[in-house]
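A.B. asks: Below is the structure I would like to discuss, written out as structure tokens.
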Amino acid sequence: MNSLTDLTSDAVLRFGPYAFHMSQRLILEGDRPLRMGGRALDILQVLVERAGHVVSKDELIARVWPTSVVEEINLRVHIAALRRALGDGQNGQRYIVNIPQRGYSFIAPVQRGTPVFIDSAHKPQHNLPARLTSITGRDSIVGSVVRQLPVRRFMTLIGPAGIGKTTVALRVAELLLQHYRDGVWMVDLSAVDDPSQVVNHLMNTLHADAGLTSLHALLVLDNCEHVLERCRTLIDDLLTTAPRLSILTTSREPLQAQGETVLRVPPLMVPPASALYSVSEAMGYSAVQLFVSRARARQQGFTLREQDLKAVRDICRRLDGLPLAIELAAAQIDALALVGLQAQLDNCFQLLTQGRRTAVPRHQTLKAALDWSYERLSPLEQMVLQHLAVFKMAFTLDAAIGVISCAVLPPMHLLAMVERLAGKSLLSVEQVNGTARYRFLNTTRSYALEKLETSGHLPALELSHAHYNSRARWISGVQLPAELIE
């Protein structure tokens with residue numbers, strides 16, 4: 056693992072003894088990496104890009120904290136940390152100066168460097184992609200993984216399509232880069248269709264001809280759900296033979312491997328109705344922060360107003376707080392405006408087919424993300440997912456049996472299928488008064504319902520659903536709302 060690796064793309068900025076590899080978010084003093092927090096790096100990037108010019112405090116705060124309301128003291132704290140890391144003022148060298156009443160300026164000469172090769176024995180290595188946008192609402196789960204992973208060694212992030220598992224994993228990898236002598240390595244398994252090729256793909260990604268037993272490194276195995284069994288045996292072997300290796304996996308379901316710690320990635324926080332009277336209060340919720348941030352990137356001058364709060368909350372709520380869905384919706388703000396965007400949510404699945412060209416194919420559209428899950432289901436699982444889409448609200452297992460069980464799908468088989476779909480994050484489950492109730496995300500139900508309509512079975516299932524509700528009301532002797540029956 057002592058091969059020479061190109062650290063840079065096109066952006067290497069040099070000042071004093073430092074080289075700022077911007078796409079890797081790495082600063083080297085000679086061949087020694089500097090320890091520096093993410094916010095300090097963000098501030099430095101803004102100042103270096105504008106070297107010789109004064110950047111106002113308001114502009115710095117807006118660039119570094121685009122979706123948060125922060126005090127000027129936060130900026131001063133990070134500027135001070137940045138100066139300490141750079142040795143600002145030592146040996147007569149100054150980098151960042153405060154211009155009273157105006158802001159800050161980077162005053163040292165800056166040169167754009169050419170790509171260089173650096174011996175991996177003297178630096179943390181990685182193959183992490185450059186992060187193009189800020190990360191919103193993930194501080195808690197990222198912090199939890201960063202604290203636990205070096206000790207627990209093996210953790211899995213699970214959740215449905217579009218929830219942001221890869222985003223969380225990449226941020227964890229960025230923050231732990233300095234912790235591992237041999238760095239962090241991202242291995243995308245979505246490109247592997249044959250489980251027998253998993254090991255070859257891993258070794259090729261790491262250029263590890265000599266093996267992994269001596270590595271002090273973090274492996275991020277992304278998208279394990281379709282090769283679970285092979286990943287399970289591989290990880291068991293790695294944890295045994297490479298005692299200084301840590302492994303972070305992402306999957307739509309747990310790997311169920313020995314020593315696995317599972318964390319479910321939650322949706323972003325959607326504000327309650329009580330938060331719709333203040334822009335600042337609504338902006339305290341991560342779903343709104345993400346929507347506003349992406350809308351501003353798409354439509355110059357976009358500002359969240361008090362009269363917009365109900366529409367934005369409705370959009371975020373009906374998109375289940377899914378980061379991918381919210382980003383794709385916000386990307387259409389210039390074409391539809393808020394009112395038009397909200398009106399289109401009844402057809403949310405079609406609305407969210409406009410993609411992100413810079414993303415990997417399965418993340419370019421919500422349909423692509425759901426296709427990835429659906430195509431890896433068995434035919435029976437696909438059929439059950441489609442049929443369950445007849446339920447608009449949460450439903451019990453008894454309701455599922457009453458509506459869709461048949462000779463082809465007897466009750467015990469149906470129960471097993473529902474549990475498997477919940478395990479694959481295609482259904483959520485919660486306990487209500489001791490009874491398990493299952494629920495679709497709105498976006499997943501729209502996808503499954505479209506499949507059901509195409510199959511031609513929707514009318515028969517709607518009739519069965521209506522008959523079940525009528526029987527349930529008659530048995531109860533009370534006119535119950537449909538959602539309580541389902």
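Under my numbering, the letters of the sequence shown match residues 56 to 541, in that order.
Positions of the beta carbon are idealized from the N, C-alpha and C atoms, including for glycine.
Rounded to whole angstroms, what is the Cα-Cα separation between Glu361 and Ile218?
C.D. replies: Against the sequence shown, residue 361 aligns to sequence position 306. Against the sequence shown, residue 218 aligns to sequence position 163. If you take the alpha carbons of Glu361 and Ile218, they lie about 28 Å apart.
A.B. asks: For the alpha helix (DSSP H) that contains Asp291, what are its first and last residues?
C.D. replies: In the sequence shown, counting from the first residue as 1, residue 291 sits at position 236. Unbroken alpha helix (DSSP H) run through Asp291: Leu283 to Thr296.
A.B. asks: Any idea what DSSP makes of Glu436, helix, strand or coil?
C.D. replies: The count along the sequence shown starts at 1 and reaches residue 436 at position 381. Reduced to three states, the DSSP call for Glu436 is helix.
A.B. asks: For a test of the three-state rule: what should DSSP assign to Ser306, helix, strand or coil?
C.D. replies: Translated into positions along the sequence shown, residue 306 becomes position 251. Strand.
A.B. asks: Using a threshold of 8 Å, state whether the C-beta atoms of Val119 and Phe75 are closer than that.
C.D. replies: Sequence index remark: in the sequence shown, residue 119 carries index 64 (1-based). Sequence index remark: in the sequence shown, residue 75 carries index 20 (1-based). Cβ atoms of Val119 and Phe75: not closer than 8 Å.
A.B. asks: For Cys371, I'd like the list of residues in its chain whose CB is within less than 7 Å of its CB, leaving aside the five on either flank, ordered along the chain.
C.D. replies: Mapped onto the sequence shown, residue 371 falls at position 316. Cβ neighbours of Cys371 beyond the five flanking positions: Val325, Ala342, Val343, Phe346 and Ile381.
A.B. asks: DSSP on Ala521, reduced to helix/strand/coil?
C.D. replies: As a first step, residue 521 must be located in the sequence shown, where it is residue number 466. The answer is helix: DSSP assigns Ala521 an H, G or I state.
A.B. asks: Select from Lys220, Asp237, Ala228 and Cys286 the residue whose C-alpha is nearest the C-alpha of Asp248.
C.D. replies: As a working note, residue 248 is residue 193 in the sequence shown. Comparing Cα-Cα distances from Asp248 to each of Lys220, Asp237, Ala228 and Cys286, the minimum goes to Cys286.
A.B. asks: Check the DSSP bridge columns for Arg167 and list the partner residues they point to.
C.D. replies: For the purposes of this step, residue 167 is taken as the residue at position 112 of the sequence shown. Paired residue(s): Leu68.
A.B. asks: Bridge partners for Gln486 per DSSP, in chain order?
C.D. replies: For the purposes of this step, residue 486 is identified with residue 431 of the sequence shown, where counting begins at 1. Answer is Ala491.
A.B. asks: What number of angstroms, rounded off, separates the C-alpha of Leu542 from the C-alpha of Leu212?
C.D. replies: Only positions 56 to 541 of the chain appear in this structure, which leaves residue 542 out of reach.
A.B. asks: Let me make sure I understand the geometry here. Which of Ala444, Gly238, Gly457 and Asp401 has the alpha-carbon closest to that of Leu267?
C.D. replies: Working through the sequence shown from its first residue, we reach residue 267 at position 212. The shortest Cα separation from Leu267 among Ala444, Gly238, Gly457 and Asp401 belongs to Gly238.
A.B. asks: For a test of the three-state rule: what should DSSP assign to Asn153, helix, strand or coil?
C.D. replies: The residue labelled residue 153 in the question sits at position 98 within the sequence shown. Three-state result, Asn153: strand.
A.B. asks: If you run the structure through DSSP and keep just helix, strand and coil, what is Phe446?
C.D. replies: Residue mapping note: residue 446 aligns to position 391 of the sequence shown, counting from 1. In this structure, Phe446 counts as coil in the three-state DSSP scheme.
A.B. asks: Only counting the same chain, and skipping five residues up and downstream in sequence, which positions put a Cβ closer than 8 Å to that of Glu517?
C.D. replies: Your numbering for residue 517 matches position 462 in the sequence shown. Cβ within range, chain order: Val445.
A.B. asks: Taking a contact to mean a Cβ-Cβ separation below 8 Å, would you say Leu396 touches Ala384 in this structure?
C.D. replies: On the sequence shown, residue 396 is found 341 positions in, with the first residue counted as 1. On the sequence shown, residue 384 is found 329 positions in, with the first residue counted as 1. Their beta carbons are under 8 Å apart, which means Leu396 touches Ala384 by this criterion.
A.B. asks: Output the residue ranges of the beta strand (DSSP E) runs that lie fully inside the segment 300-369 and measure 3 residues or longer, sorted by chain position.
C.D. replies: Fully enclosed beta strand (DSSP E) runs of 3 or longer: 300-306 and 316-319.
A.B. asks: Ends of the alpha helix (DSSP H) at Trp427?
C.D. replies: Position 372 of the sequence shown, counted from the first residue, corresponds to residue 427. Note, Trp427: alpha helix (DSSP H), Leu421 to Tyr429.
A.B. asks: Do you know how far the Cα of Arg431 is from the Cα of Val254?
C.D. replies: The count along the sequence shown starts at 1 and reaches residue 254 at position 199. The count along the sequence shown starts at 1 and reaches residue 431 at position 376. Whole-angstrom Cα-Cα distance: 21 Å.
A.B. asks: Could you check how far apart the C-beta atoms of Ala337 and Leu300 are, in whole angstroms? I think they sit under 8 Å.
C.D. replies: Stepping through the sequence shown from its first residue, residue 337 is reached at position 282. Stepping through the sequence shown from its first residue, residue 300 is reached at position 245. The pair is not a contact, with the Cβ atoms about 43 Å apart (cut-off 8 Å).
A.B. asks: Between the C-alpha atoms of Ser460 and Ser483, what's the straight-line distance to the nearest angstrom?
C.D. replies: For the purposes of this step, residue 460 is taken as the residue at position 405 of the sequence shown. For the purposes of this step, residue 483 is taken as the residue at position 428 of the sequence shown. For Ser460 and Ser483, the distance between alpha carbons rounds to 20 Å.
A.B. asks: Nearest CA to the CA of Arg131: which residue from Arg494, Pro121, Ile116 and Ala352?
C.D. replies: The count along the sequence shown starts at 1 and reaches residue 131 at position 76. Considering only alpha carbons, the answer is Ile116.
A.B. asks: Could you give the DSSP three-state label for Thr211: helix, strand or coil?
C.D. replies: Along the sequence shown, one-based indexing puts residue 211 at 156. DSSP places Thr211 in strand when its eight states are reduced to three.
A.B. asks: Three Cβ pairs or more, each shorter than 8 Å: is that satisfied between the segment 80-96 and the segment 315-324?
C.D. replies: Not touching, per the Cβ criterion.
A.B. asks: Go through the segment 76-142 residue by residue and report every complete run of the beta strand (DSSP E) that reaches 3 residues or more, in order.
C.D. replies: Whole beta strand (DSSP E) segments, 3+ residues: 81-84.
A.B. asks: Which value, in whole angstroms, describes the spacing of the CA atoms of Ala350 and Trp240?
C.D. replies: Locating residue 350 in the sequence shown gives position 295, counting from the first residue. Locating residue 240 in the sequence shown gives position 185, counting from the first residue. Going by the C-alpha atoms only, they are around 32 Å apart.
A.B. asks: Kindly indicate which three-state DSSP category Val247 falls into: helix, strand or coil?
C.D. replies: The residue you call residue 247 lines up with position 192 of the sequence shown. Three-state DSSP puts Val247 in coil, outside helix and strand.
A.B. asks: DSSP beta-bridge partners for Met241?
C.D. replies: For this step, residue 241 is matched to residue 186 along the sequence shown. Beta-bridge pairing links Met241 to Val275.
A.B. asks: Identify the continuous beta strand (DSSP E) that holds Tyr159 and give its terminal residues.
C.D. replies: The residue given as residue 159 occupies position 104 in the sequence shown. That run of the beta strand (DSSP E) goes Gly158 to Phe161.
A.B. asks: Assuming Arg167 contacts Leu68 (C-beta within less than 8 Å), just tell me the rounded distance between them.
C.D. replies: For the purposes of this step, residue 167 is identified with residue 112 of the sequence shown, where counting begins at 1. For the purposes of this step, residue 68 is identified with residue 13 of the sequence shown, where counting begins at 1. Indeed they touch by this definition, with Cβ atoms about 6 Å apart.
A.B. asks: With distances taken between CB atoms, is the gap from Thr260 to Asp277 smaller than 8 Å?
C.D. replies: Here residue 260 is taken as the residue at index 205 of the sequence shown, counted from 1. Here residue 277 is taken as the residue at index 222 of the sequence shown, counted from 1. Result no, Cβ atoms of Thr260 and Asp277 do not sit closer than 8 Å.
A.B. asks: Buried or exposed: Asp37, going by 16 or more other Cβ atoms within 10 Å of its Cβ?
C.D. replies: The question about residue 37 has no answer, for the chain in this structure spans 56 to 541.
A.B. asks: From which residue to which residue does the alpha helix (DSSP H) around Thr498 run?
C.D. replies: Your numbering for residue 498 matches position 443 in the sequence shown. Element bounds for Thr498: Asn497 to Ser510.
A.B. asks: By DSSP's criteria, Thr451 is part of a beta bridge. Which residues make up the other side?
C.D. replies: Residue numbering aside, residue 451 sits at position 396 when the sequence shown is read from its first letter. Arg492.
A.B. asks: Along the chain, where does the alpha helix (DSSP H) containing Lys220 start, and where does it finish?
C.D. replies: Walking along the sequence shown from the start, residue 220 turns up at place 165. Here the alpha helix (DSSP H) through Lys220 covers Lys220 to Leu231.
A.B. asks: Provide the residue(s) that pair with His256 in DSSP beta bridges, ordered along the chain.
C.D. replies: Here residue 256 is taken as the residue at index 201 of the sequence shown, counted from 1. The partner list for His256 (beta bridge, DSSP) is empty, contrary to what the question assumes.
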